[in-house]
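Single-structure report; data block below.
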Amino acid sequence: MFDIQEALKNLPDHPGVYLMKNSEGEIIYIGKAVSLKNRVRQYFQNSRNHSPKVIAMVKHIEEFEYILTDSELEALILECNLIKKHRPRYNILLKDDKHYPYIKVTLNEEYPRVMVTRKMVKDGAKYFGPYTDVSAVRETINLINQIYPIRTCSRPLSFGTQVGRPCLNFHINRCIGPCLGTIPKEEYMKMINEIIAFLSGKHDELIRELKMKMERAAEKLDFERAAELRDQIQSIQKIQEKQKIISSALEDEDVIAFAKNEQGTAVQVFFIRGGKLLGRESFYFEDIEDDDGILLSQFITQFYTDKEYVPREILLQKEINEINLIESWLSNKRGSKVHIKVPKRGDKNDLIEMAQKNAENALEQFKYKYIMEKQKTQGALEELMEILGIEKFPNRIEAFDISNIQGTDPVASMVVFEGGKPKNKDYRRFKIKTVKGPNDYASMEEVIRRRFTRGINEILELNDSGRDLSYGKFSLLPDLLLIDGGEGQVSAAQKVLDDLGLNIPICGMVKDDKHRTRGLIFNGEEIQIYKDSNAFKLIARIQDEAHRFAITYHRSLRGKSSVSSVLDEIPGIGKKRRLALMKYFENIEKIKKASIEELCRVEGMNEKAAIAVYEFFNSNEQE
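Numbering-wise (the UniProt record's numbering), the sequence shown opens with residue 1 and increments by one.
Structure (structure tokens):
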């Protein structure tokens, strides 16, 4: 048994990272400290100084461990990596580890390409971005390829050397064909430099040049070409409109602001590159740190952990904790000095205010989604509780479905919904063991008995060992049981619960003749539920999920059994060889068509085994 008080006495006065764990051994929070001794002890001292989040977390701490580091900066880096790996519930977690796209100009190649990438590396190429709108990036690349006939292939090219035949793009005048080895590098690089100028925001020069070409085409009565050039100009102007200059400094900056309400916090990030707003991203967090400085510092460390590019300047709405440490960490990532600023006036403060307004707007949208989600889940459960007239709130619902086709490979699924949402890690699958032939009632009785007998045994074992019930696979019992089927299936399940002395309400989920959810069977009566109600929609979701999970399992078993049943009949082909054959050929049809020589190439197959397989399939065909 872990003794927290004893462990607190032995904490070192040294930088490091600490990991808080609950009774299940699950890591629930990860933090760093200049002094582990001082920081970790604070959690277990006077709770009046703690935020509600910390108070809630401390109640769940059963043990902790720590890792010593040589410096506070090293502790920060380790903390970021461990949070990313373990995703503790009380840390700020970015749900999307998004790698935003960049436009890459491969200046490290003799004949550069322009392409989209999500990785920014120091390889001599020039990168533009990040862009949060992927479709806009594709649109820009397509426009560049329309205007400039540069290569899109990845062949290694050099002047004076022909590499293969020119591709289709050359023949339709979409590429000037540097693969022929006859295109002077200076001519090609002129186009690349114009593309770089365009991507840097110098659109006016390109528009002027295209207008001149359009006018010349019109003078020559080449109206089709003039129309193409007109469309290109309009496309550039559309991009230009999206990328208006919003920062007179014309530099790279990220602007981070937030807004809070009683439900949670919205954080808004603006990506400004060369003074232009390239994109923005919103994040939403529920039940997080009350202190704004801690909130921002935790967000920044999480946000930039995986970012390939860090701008020279980051503008914040408020001061953050450990600003010097975080600046040092970001500077190491960037390779040059990064400045974190909290502007109070001027253009940069205007950017903060704009980001904050967007955060407030995002918060309103999240609030609306939160209300709708609550109605869909919590509201649906309250409706269901009222319709059934049950006393206990049905927070945990388990649903069972039997799947078999003509009595073959009968299986059952158990899906779990907690708080109106699927809890996938608690899903379970069963092979029917004692029932012969298609008998849904007996199959349901078997599965319910196995599930709850196992659950009762686990509860007794866990109670004896003093461990939490969540340790078991079946030890958490449902508040409501849903059975896919009518009165017969419900009666079979009820018989088991009566035998085991369990008092859990059971409903049958019935479908109409079109296999759509119709209502519930409860206490021997069919209850009609209003189809537009949240309760009905929840039941339909649960029924569909139980059916999907059962049918998927059934199909996988049928697939495996059909394969093994054929290969099982071949003398000298055991389990290892069957698996090796399927891995190599992927399906039975390819095995049937394989020659003896091809069969011999499979790992574990000798000539004798290969002949046995070949003769089995070929003699069968001849017969």
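For each residue, glycine too, the CB sits at the ideal point set by N, CA and C.
For THR265, the residue or residues it bridges with in DSSP: Here residue 265 refers to the residue found at position 265 when the sequence shown is read from its first residue. Looking at the DSSP assignment, THR265 forms a beta bridge with LYS260 and PHE285.
Can you tell me whether DSSP reads residue 626 as helix, strand or coil? The first residue shown for the chain is 1 and the last is 623, placing residue 626 beyond what the model contains.
Under a three-way DSSP split, which group does PRO166 fall into? Here residue 166 refers to the residue found at position 166 when the sequence shown is read from its first residue. If DSSP states are grouped into helix, strand and coil, PRO166 belongs with coil.
What does the alpha-carbon distance come out to for the pair ASP544 and GLU286? Within the sequence shown, the letter at position 544 stands for residue 544. Within the sequence shown, the letter at position 286 stands for residue 286. Looking at the two C-alpha atoms, the distance is approximately 29 angstroms.
Our contact map puts ILE272 next to ILE314 with C-beta atoms below 8 angstroms; I'd like the distance itself, whole angstroms only. Locating residue 272 in the sequence shown gives position 272, counting from the first residue. Locating residue 314 in the sequence shown gives position 314, counting from the first residue. The Cβ separation is near 11 angstroms, so there is no contact.
For LEU36, tell me which candidate among ASN424, GLU65, PHE522 and HIS547 has the shortest Cα-Cα distance. In the sequence shown, residue 36 corresponds to position 36, counting from 1. Taking only the C-alpha atoms, the option nearest LEU36 is GLU65.
According to DSSP, simplified to helix, strand and coil, what is GLU623? For this step, residue 623 is matched to residue 623 along the sequence shown. Because the pLDDT of GLU623 is 36, which lies under 50, any placement of that residue in the model is unreliable, and the number read from its coordinates should be weighed accordingly. Note: GLU623 maps to coil in three-state DSSP.
Are the C-beta of ARG451 and some C-beta of chain B separated by less than 8 angstroms? Reference to chain B is not applicable here, since this structure consists of a single protein chain.
Just tell me which of GLN232, PHE258, PRO410 and ASN424 has its CA closest to the CA of GLY437. Taking the sequence shown and counting its residues from 1, one reaches residue 437 at position 437. Per the Cα distances, PRO410.
Per-residue burial, HIS171 [other beta carbons within 10 Å of its own, 16 or more giving buried]: As a first step, residue 171 must be located in the sequence shown, where it is residue number 171. The residue in question, HIS171, is exposed, as its Cβ has fewer than 16 Cβ neighbours within 10 Å.
Would you mind sorting GLU253 into buried or exposed? The rule is 16 or more other CB atoms within 10 Å of its CB. For the purposes of this step, residue 253 is taken as the residue at position 253 of the sequence shown. It counts as buried.
Boundaries of the alpha helix (DSSP H) in which GLU458 is found, first to last residue: Start at 1 with the first residue of the sequence shown, and residue 458 comes out as number 458. That run of the alpha helix (DSSP H) goes 440-465.
Three-state secondary structure (DSSP) of ILE61: Here residue 61 is taken as the residue at index 61 of the sequence shown, counted from 1. Three-state result, ILE61: coil.
One question on the structure: do GLN494 and TYR441 come within less than 8 angstroms of each other, judged by their Cβ atoms? As a position in the sequence shown, residue 494 is number 494, starting the count at 1. As a position in the sequence shown, residue 441 is number 441, starting the count at 1. Not in contact: GLN494 and TYR441 (Cβ atoms no closer than 8 angstroms).
Per-residue DSSP class, three states only, for LYS431: Translated into positions along the sequence shown, residue 431 becomes position 431. If DSSP states are grouped into helix, strand and coil, LYS431 belongs with the strands.
LEU400 and ILE448 closer than 8 angstroms at C-beta: Taking the first residue of the sequence shown as position 1, residue 400 is located at position 400. Taking the first residue of the sequence shown as position 1, residue 448 is located at position 448. The sequence given here places Phe at residue 400; Leu does not occur at that position. Against a cut-off of 8 angstroms, the Cβ pair of ILE448 and PHE400 comes out as a contact.
In its own chain, which residues sit with a C-beta less than 7 angstroms from the C-beta of TYR584, not counting the 5 before and 5 after it? Within the sequence shown, numbered from 1, the residue matching residue 584 stands at position 584. So the list reads VAL602, once near-sequence residues are dropped.
Take TYR530 and list the residues in its own chain whose beta-carbon comes closer than 7 angstroms to its own, dropping the five residues that flank it on each side. Against the sequence shown, residue 530 aligns to sequence position 530. So the qualifying residues of the chain are PHE536.
Coil, strand or helix - ILE326 by DSSP: On the sequence shown, residue 326 is found 326 positions in, with the first residue counted as 1. Correct three-state label for ILE326: helix.
Can at least three beta-carbon pairs, one atom from the region 165-185 and one from the region 199-217, be found at a separation below 8 angstroms? no
From LEU502 to LEU19, what does the alpha carbon distance come to, in whole angstroms? Within the sequence shown, the letter at position 502 stands for residue 502. Within the sequence shown, the letter at position 19 stands for residue 19. Near 39 angstroms, if we compare the C-alpha coordinates of LEU19 and LEU502.
Count the other CB atoms, across all protein chains shown, that sit within 10 Å of the CB of THR152; report buried if there are 16 or more and exposed otherwise. The count along the sequence shown starts at 1 and reaches residue 152 at position 152. That one is exposed.
8 angstroms Cβ cutoff met for LEU278 and PRO130: Counting from 1 along the sequence shown, the entry for residue 278 is found at position 278. Counting from 1 along the sequence shown, the entry for residue 130 is found at position 130. It is a contact, given that the beta carbons lie within the stated cut-off.
Secondary structure of LYS185, DSSP reduced to three states: In the sequence shown, the residue the question calls residue 185 occupies position 185. Reduced to three states, the DSSP call for LYS185 is helix.
Distance CB(ILE141)-CB(VAL114) smaller than 8 angstroms: Locating residue 141 in the sequence shown gives position 141, where the first residue counts as 1. Locating residue 114 in the sequence shown gives position 114, where the first residue counts as 1. Yes, they are a contact pair.
Mapping DSSP to helix, strand and coil, what is TYR18? Within the sequence shown, residue 18 is the residue found at index 18, counting from 1. Strand at TYR18.
Tell me where the alpha helix (DSSP H) around VAL40 begins and ends. The residue given as residue 40 occupies position 40 in the sequence shown. 36-43 is the span of the alpha helix (DSSP H), which, as asked, contains VAL40.
Given HIS99, which residues of its chain have a CB within under 6 angstroms of its CB, disregarding the five upstream and five downstream residues? Position 99 of the sequence shown, counted from the first residue, corresponds to residue 99. So the list reads ARG118, once near-sequence residues are dropped.
By the three-class DSSP mapping on this structure, what secondary structure does ASP254 have? Working through the sequence shown from its first residue, we reach residue 254 at position 254. Strand, per DSSP.
Whether or not the region 102-111 and the region 45-65 are in contact is what I'm after, with contact meaning three or more pairs of Cβ atoms, one per stretch, closer than 8 angstroms; do they touch? no
Less than 8 angstroms between the C-beta atoms of LEU330 and VAL338, yes or no? Here the question's residue 330 lines up with position 330 in the sequence shown. Here the question's residue 338 lines up with position 338 in the sequence shown. Yes. Within cutoff.
Can you tell me the Cβ-Cβ gap for GLY177 and THR161, rounded? I've got them flagged as a contact below 8 angstroms. Sequence index remark: in the sequence shown, residue 177 carries index 177 (1-based). Sequence index remark: in the sequence shown, residue 161 carries index 161 (1-based). Not a contact, Cβ separation roughly 13 angstroms.
Where does the unbroken alpha helix (DSSP H) through GLY519 begin, and where does it stop? Locating residue 519 in the sequence shown gives position 519, where the first residue counts as 1. Element bounds for GLY519: not the alpha helix (DSSP H) but the beta strand (DSSP E), 517-522.
Counting Cβ pairs, one atom from each stretch, are 3 or more of them under 8 angstroms apart for the region 189-196 and the region 143-150? yes
Please state whether DSSP places HIS99 in a helix, a strand or coil. Translated into positions along the sequence shown, residue 99 becomes position 99. If DSSP states are grouped into helix, strand and coil, HIS99 belongs with coil.
For GLU525, list the residues DSSP reports as bridge partners. In the sequence shown, the residue the question calls residue 525 occupies position 525. Note: GLU525 sits in a beta bridge opposite PHE522.
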